[in-house]
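Beneath this line is the structure, given in structure tokens, with notes to follow.
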Amino acid sequence: MRGGNIMPDIDLAFARLEGLDLSAIESTGDWGLGRVFNHLAQGVEFSMHGYPVQKPKLFQATVGTLAFKMFSARGKMKHGLDEPIPGEVVSEISAEAGLERLWTSLETFRNFEGKMQPHFAYGGLSKAQFGKAHLLHIENHLEEVGS
Numbered sequence: 121m122r123g124g125n126i127m128p129d130i131d132l133a134f135a136r137l138e139g140l141d142l143s144a145i146e147s148t149g150d151w152g153l154g155r156v157f158n159h160l161a162q163g164v165e166f167s168m169h170g171y172p173v174q175k176p177k178l179f180q181a182t183v184g185t186l187a188f189k190m191f192s193a194r195g196k197m198k199h200g201l202d203e204p205i206p207g208e209v210v211s212e213i214s215a216e217a218g219l220e221r222l223w224t225s226l227e228t229f230r231n232f233e234g235k236m237q238p239h240f241a242y243g244g245l246s247k248a249q250f251g252k253a254h255l256l257h258i259e260n261h262l263e264e265v266g267s
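Have a look at this one:
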């Protein structure tokens, strides 16, 4: 496994993605695999470089904070799987290209030493908290991936 225990949630995400056989799976949701992976990659990238659109500070400090704490405590996220991140560039790309972008974004995140940017809904998170959020986001979307 990559990266030791420095970022255990990111290591789990890599392990989960390594096990995917793109020739044997498909999306059972409204989005194709490429779009799903592209969406997940943008979420990771936004955590480092800034989300294009933010929810109001009051939302982040109340509903957003509570939602992240609940997801984190349960170890499971549940959200609308056909809802783009506000400001996300929506595009259909191949599953291979989407997975490559997601993989690269996770590698960049793991090595990132800059300041984390506020999550559009949860507000300020540490790098470890973002690692957890990214893993839970990936796992939630992979619920709609099957053979």
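Numbering follows the numbering used here, in which position 98 of the sequence shown is assigned residue number 218; successive positions increment by one, without gaps. We treat Cβ as the ideally placed atom computed from N, Cα and C, and that holds for glycine.
Can you name the residues that DSSP bridges to residue i?
| i | result |
| --- | --- |
| glutamate 146 | Gly266 |
| histidine 239 | Gly243 |
Please name the residue, chosen from the options, that lies closest to residue i on a Cα-to-Cα basis.
| i | options | result |
| --- | --- | --- |
| tryptophan 168 | Ile130, Gln237, Leu255 and Glu216 | First, the residue type needs correcting, since residue 168 is methionine and not tryptophan in the sequence shown. Nearest of Ile130, Gln237, Leu255 and Glu216 to methionine 168, Cα basis: Gln237. |
| aspartate 202 | Lys247, Asp150, Glu264 and Leu160 | Asp150 |
| glutamate 208 | Glu263, Asn158 and Met197 | Asn158 |
| tyrosine 171 | Tyr242, Val183 and Gly266 | Tyr242 |
| glutamine 180 | Gly244, Met190 and Ile258 | Gly244 |
Could you give the residue range of the alpha helix (DSSP H) that holds residue i?
| i | result |
| --- | --- |
| proline 128 | 128–138 |
| leucine 153 | 153–169 |
| methionine 197 | Methionine 197 -> no alpha helix (DSSP H), and no H or E assigned at all. |
| phenylalanine 232 | That residue, phenylalanine 232, is in no alpha helix (DSSP H); it is neither H nor E in DSSP. |
**Request:** Could you tell me whether the segment 181–196 touches the segment 208–228, where touching means 3 or more Cβ pairs closer than 8 Å?
**Result:** no
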